[in-house]
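Engineer: Next up is a structure, given as structure tokens.
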Amino acid sequence: MTLKQLEAFYWAATCSSFAIAANRLNISVSSLSKRIVELEGALGTELFNRSSRNAAVTPAAQHLLPHARDLLTHAGRFLDMAKSSSTIEGRCRFGVGELTGLTWLPSMMAAMQAEHPNLLMEPTVSVGMKIEMALANAELDFALIAGPSTRPGISSHIIGTAEFTWVSRKVLTSGRDVSAIGLEDLPSLPLVSLPASAGTVRILDDWLADHGVTPERSIICENWGAVAGLIHHGLGLGFLPRAWAEALIAKGALVALDSFPALRPLQYTFQWRRDDTRPLIEQARSLAIKTLNFSAPAGLV
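Numbered per this note's numbering, the sequence shown finishes at 1788, counting up by one with no gaps.
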């Protein structure tokens, strides 16, 4: 029995497919299967039921899985102690929301690379729902998204908040002057926002429910650049990250909708799989807390 065989078993059992497990280990699916077969031979028991289309873990594998995880964790710590350097090596796949990608992701990656120069970082930028699903499927090591997660297999740690400001062009393309509008006018105005899979929709839905208003027309955009662009051109009103809003207001491009009640801050979390105890997770979480800054330049304003 070898550590490579244990790794193959652990990741195959915890990932949603053999292909994802093989990708995590940087090996082919055939190599992954070979290591699992070798481990089954050494143990004298089957670990996967291969009679169905997707191989499922056997009761014996379910019993052995926590022990395999502990062995791999201790082996990792042993190797860390044996090395003269405390740096982490290998590949790190992680996911972030678009707002993080547009603001403090470069700072976080630069800090991580400075401390761990041999760590290959591979970020994925998407809406929070997709990132969280990829994390649950073990396609990612951790995630930096609006949270917390409600999935039982994912742990969430609050690392900060993002604040937003209601804004609009002073005169919309429809000719409507927004300088004197109030909350009661919202149903008659186009509202520009991100899709339901984005974390910001949580605070928008709460805000609409709290104030008993429903927009009759919404313009849904897949990214912040499009949201900012449509609002900037007067096609609708909406909210932007506070730093962006303040910059555009200072330029005279937008006006703040001060008559609208403020949105609550949106919590951002560091999320990881509950059974993942590798040093990488704590290192990444610590650096995320240090570098989080939603007022960082975004290049859009």
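Every residue, glycine too, gets a C-beta built ideally from N, C-alpha and C.
Would you tell me roughly how many angstroms separate the C-alpha atoms of residue 1628 and residue 1602, rounded to the nearest one?
Structural biologist: Position 141 of the sequence shown, counted from the start, is the residue given in the question as residue 1628. Position 115 of the sequence shown, counted from the start, is the residue given in the question as residue 1602. So the two alpha carbons sit approximately 18 Å from each other.
Engineer: Cutting at 8 Å between CB atoms, please list the residues of its own chain near residue 1733, excluding the five before and the five after it.
Structural biologist: Sequence index remark: in the sequence shown, residue 1733 carries index 246 (1-based). Around residue 1733: 1652.
Engineer: With DSSP collapsed to three states, give me the class of residue 1488.
Structural biologist: Sequence index remark: in the sequence shown, residue 1488 carries index 1 (1-based). In this structure, residue 1488 counts as coil in the three-state DSSP scheme.
Engineer: Among residues of its own chain, excluding the 5 on either side of residue 1714, which ones have a beta-carbon nearer than 8 Å to its beta-carbon?
Structural biologist: Translated into the one-based positions of the sequence shown, residue 1714 becomes position 227. Within the same chain, residue 1714 has close Cβ partners 1679, 1680, 1681, 1708, 1725, 1727.
Engineer: By the three-class DSSP mapping on this structure, what secondary structure does residue 1651 have?
Structural biologist: Counted from its first residue, the sequence shown places residue 1651 at position 164. Correct three-state label for residue 1651: strand.
Engineer: Got a sec? Which residues, its chain only, sit under 8 Å from residue 1541 by beta carbon, not counting five neighbours each side?
Structural biologist: Walking along the sequence shown from the start, residue 1541 turns up at place 54. Counting only Cβ-Cβ distances below 8 Å, and skipping sequence neighbours, we find 1504.
Engineer: Can you name the start and end residues of the alpha helix (DSSP H) that residue 1680 belongs to?
Structural biologist: The residue given as residue 1680 occupies position 193 in the sequence shown. Premise fails: residue 1680 lies in the beta strand (DSSP E), 1677 to 1680, not in any alpha helix (DSSP H).
Engineer: Go through the stretch 1762 to 1787 residue by residue and report every complete run of the alpha helix (DSSP H) that reaches 4 residues or more, in order.
Structural biologist: List check, alpha helix (DSSP H) in window: 1766 to 1778.
Engineer: Take residue 1513 as the anchor and find which of 1546, 1580, 1555, 1557 has the nearest alpha-carbon.
Structural biologist: Looking up residue 1513 in the sequence shown gives position 26. Considering only alpha carbons, the answer is 1580.
Engineer: At which residues does the alpha helix (DSSP H) containing residue 1736 begin and terminate?
Structural biologist: The count along the sequence shown starts at 1 and reaches residue 1736 at position 249. First-last of the alpha helix (DSSP H) with residue 1736: 1729 to 1737.
Engineer: Residue 1722: which of 1563, 1673, 1755, 1655 sits nearest, CA to CA?
Structural biologist: Translated into positions along the sequence shown, residue 1722 becomes position 235. When each option's Cα is compared against that of residue 1722, the closest is 1655.
Engineer: Using a threshold of 7 Å, state whether the C-beta atoms of residue 1753 and residue 1690 are closer than that.
Structural biologist: Within the sequence shown, residue 1753 is the residue found at index 266, counting from 1. Within the sequence shown, residue 1690 is the residue found at index 203, counting from 1. In this structure, residue 1690 lies closer than 7 Å to residue 1753 by Cβ.
Engineer: Helix, strand or coil, according to DSSP, for residue 1643 in the structure here?
Structural biologist: Looking up residue 1643 in the sequence shown gives position 156. Note: residue 1643 maps to strand in three-state DSSP.
Engineer: How many Å lie between residue 1587 and residue 1546 at the Cα?
Structural biologist: The residue labelled residue 1587 in the question sits at position 100 within the sequence shown. The residue labelled residue 1546 in the question sits at position 59 within the sequence shown. C-alpha separation (whole angstroms): 41 Å.
Engineer: For the candidate residues 1544, 1501, 1565, whose alpha-carbon lies nearest to that of residue 1621?
Structural biologist: By one-based count along the sequence shown, residue 1621 stands at place 134. Per the Cα distances, 1501.
Engineer: Give the secondary structure of residue 1582 by DSSP, where H, G and I count as helix, E and B as strand, and everything else as coil.
Structural biologist: For the purposes of this step, residue 1582 is taken as the residue at position 95 of the sequence shown. Strand, per DSSP.
Engineer: Using the beta-carbon count (16 or more within 10 Å), is residue 1490 buried or exposed?
Structural biologist: Here the question's residue 1490 lines up with position 3 in the sequence shown. Residue 1490 should be labelled exposed.
Engineer: Would you give the residue range spanned by the beta strand (DSSP E) that residue 1507 belongs to?
Structural biologist: Taking the sequence shown and counting its residues from 1, one reaches residue 1507 at position 20. Premise fails: residue 1507 lies in the alpha helix (DSSP H), 1505 to 1511, not in any beta strand (DSSP E).
Engineer: What is the DSSP secondary structure of residue 1712, counted as helix, strand or coil?
Structural biologist: Sequence index remark: in the sequence shown, residue 1712 carries index 225 (1-based). If DSSP states are grouped into helix, strand and coil, residue 1712 belongs with the helices.
Engineer: So, at 8 Å on beta carbons, what are the nonlocal neighbours of residue 1497 in its own chain, with the 5 sequence-adjacent residues on each side left out?
Structural biologist: Position 10 of the sequence shown, counted from the start, is the residue given in the question as residue 1497. Correct list, in chain order: 1552, 1555, 1556, 1559.
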